[in-house]
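Chemist: Residue numbers for the sequence shown follow my numbering, beginning at 1 and rising by one.
Using N, Cα and C, we set each Cβ at its ideal position, and we do this for glycine too.
Given the structure is predicted, the values throughout are model-derived calculations rather than measurements.
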Amino acid sequence: MAFTAEENKKIIEGYWNGQARCPRDESSMELKQIRNLVNYTLVGACPRCRETVNAGTNADPLRDDFRDWTEEEQSEMADDYFKHGGSTCPVCNISVKVEPVKTPFWTQLLYFCPRCCKQGRHTEKPKA
Ligand SMILES: [Zn+2]
Ligand SMILES: [Zn+2]
């Protein structure tokens, strides 16, 4: 029998916290992330009971909390990036992808969170 919505939520939560597990037999599941710009889907199967997973953004337990980042949050993400080399999504609490774009005068950071699929940018301008 296919995983229920509740079981899918557990699988998704596990995946983003480091390891997806089958909610029925606790087996580790290696899931593949298929994504486009606005959502993601996790696909795979439990190696033990062979139940298949095909769930993503629509089944994500955090989905109702997904929102755009505020200016202030994006500026804090820049602090983290420049201090520690990485940033965390303030909504999902996972690592975001950061791509620095450098010009001779300023640095712009492009952010992308693979879970809530939000994108943002922060421009670090030198003090005049
Ligand atoms: Zn299983
Ligand atoms: Zn996020």
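Can you list, in chain order, the stretches of the beta strand (DSSP E) that have 3 or more residues and sit fully within the segment 47-82?
Modeler: Complete beta strand (DSSP E) runs here, min 3: 52-56.
Chemist: Just how far apart, CA to CA, sit Ser75 and Glu51?
Modeler: Cα to Cα, the separation comes out at about 43 Å.
Chemist: For the candidate residues Pro23, Pro126, Ile12, Ser87, whose alpha-carbon lies nearest to that of Pro47?
Modeler: Nearest of Pro23, Pro126, Ile12, Ser87 to Pro47, Cα basis: Pro23.
Chemist: What residues match up with Ser95 in a beta bridge as DSSP calls it?
Modeler: DSSP output for Ser95 lists Thr88 as bridge partner(s).
Chemist: Run through DSSP, which three-state label would Gln26 get?
Modeler: Per the sequence presented here, residue 26 reads as Glu, with Gln not at that position. Here Glu26 sits in coil by DSSP.
Chemist: Can you look up Lys118 in the DSSP assignment and give me helix, strand or coil?
Modeler: In this structure, Lys118 counts as coil in the three-state DSSP scheme.
Chemist: Which residue marks the beginning of the alpha helix (DSSP H) containing Ala5, and which one marks its end?
Modeler: Its alpha helix (DSSP H) spans residues 5-16.
Chemist: How far does the beta strand (DSSP E) with Leu109 in it reach, from first residue to last?
Modeler: Counting along the chain, the beta strand (DSSP E) containing Leu109 begins and ends at 107-112.
Chemist: In this structure, how does DSSP classify Val43 when only helix, strand and coil are distinguished?
Modeler: Three-state result, Val43: strand.
Chemist: Got a sec? Which residues, its chain only, sit under 6 Å from Cys116 by beta carbon, not counting five neighbours each side?
Modeler: Excluding sequence neighbours, Cys116 sits near Phe66, Val91, Cys92.
Chemist: Just how far apart, CA to CA, sit Tyr111 and Ile34?
Modeler: Distance between the alpha carbons of Tyr111 and Ile34: 19 Å.
Chemist: When DSSP builds the beta bridges, which residues end up paired with Ala20?
Modeler: Note: Ala20 sits in a beta bridge opposite Met29.
Chemist: Just jot down, in chain order, the residues whose CB lies closer than 6 Å to any heavy atom of ligand 1.
Modeler: Taken from the N-terminal end onward, the list reads Cys22, Arg24, Asp25, Ser27, Cys46, Arg48, Cys49, Glu51.
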